[in-house]
Amino acid sequence: MTELPSEYHRRLPYGERVSAEPLIGQPFFPFEGDVRVVPLAEPVLPEPPRRGEAGGEQCITCAEPDRNVIWRDAEWQLKAGFEPSGLPMVALLEPREHYRLDNLPPALTATLGPMIQRVANAIRLIDGVGRTHFNRWGDGSEHFHLWFLARPLGMMQLRGAMIAAWDDMLPKVPQDEFEANARTVATALSEAGGEAMEAGLP
Numbered sequence: 003m004t005e006l007p008s009e010y011h012r013r014l015p016y017g018e019r020v021s022a023e024p025l026i027g028q029p030f031f032p033f034e035g036d037v038r039v040v041p042l043a044e045p046v047l048p049e050p051p052r053r054g055e056a057g058g059e060q061c062i063t064c065a066e067p068d069r070n071v072i073w074r075d076a077e078w079q080l081k082a083g084f085e086p087s088g089l090p091m092v093a094l095l096e097p098r099e100h101y102r103l104d105n106l107p108p109a110l111t112a113t114l115g116p117m118i119q120r121v122a123n124a125i126r127l128i129d130g131v132g133r134t135h136f137n138r139w140g141d142g143s144e145h146f147h148l149w150f151l152a153r154p155l156g157m158m159q160l161r162g163a164m165i166a167a168w169d170d171m172l173p174k175v176p177q178d179e180f181e182a183n184a185r186t187v188a189t190a191l192s193e194a195g196g197e198a199m200e201a202g203l204p
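Be aware that the sequence shown starts at 3, since it is given in our numbering, and climbs by one per residue.
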């Protein structure tokens, strides 16, 4: 076993299956019955590099700066043209320049809150969207990015962290609806600045 870096690591039951019981029956947990948790794996140390880090694969955003971009301004861009998802919209906000969260320049960091608000409000203009959730998962790419997920109106099971799992399991929205939703968001954002990117719109 790799030398473990902290007391937290040393007390975990590696190789064992922890119980899913604390989650079963909770209002936001999308599974029932006999749920088997995979055995807990040992830490991988040192951690493998993410895309964009030294020794890792190249940063996709920097290598293909226009790929899937539906809106941008001088500092930020929004991607939503990946493929139809189970939710009305799944989008990715990222700075145009390659920064991590910890080294975002103060001036750019000051615009992050207003950008989150703008994107969330634009996504809520999609027909049938109740709220916009946003999350930061930074283990795949060093280039800072925030995920935005549209929760359908009235779909109370989709509240909370499991909305990402529901997105994978729900039927994919039709292609024409997917395209219309992306255009709704890009148009709404461009009305307050920046521009909708026709090349990136599906």
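Here a beta-carbon is modelled for each residue, glycine too, at the ideal position from N, C-alpha and C.
- The stretch 105-176 contains, as complete alpha helix (DSSP H) runs of 4+ residues, the segments 108-125 and 165-171 (chain order).
- In the DSSP assignment, residue 92 forms a beta bridge with 151.
- The three-state reading of DSSP puts residue 47 in coil, since its state is none of H, G, I, E or B.
- Contact between the stretch 13-24 and the stretch 51-63 is not established, with fewer than three Cβ pairs separated by less than 8 Å.
- In the three-state DSSP reduction, residue 182 falls in the helix class (H, G or I).
- Under the DSSP definition of a beta bridge, residue 80 partners with 73 and 95.
- The Cβ neighbour count for residue 153, taken over all protein chains shown within 10 Å, is at least 16; the residue is labelled buried.
- Burial is judged here by how many other beta carbons sit within 10 angstroms of a residue's own beta carbon; residue 134 has at least 16 and is buried.
- Counting only residues of its own chain and dropping the five nearest sequence neighbours on each side, residue 160 has a CB closer than 6 Å to the CB of 153 and 168.
- The DSSP-derived three-state label of residue 197 is strand.
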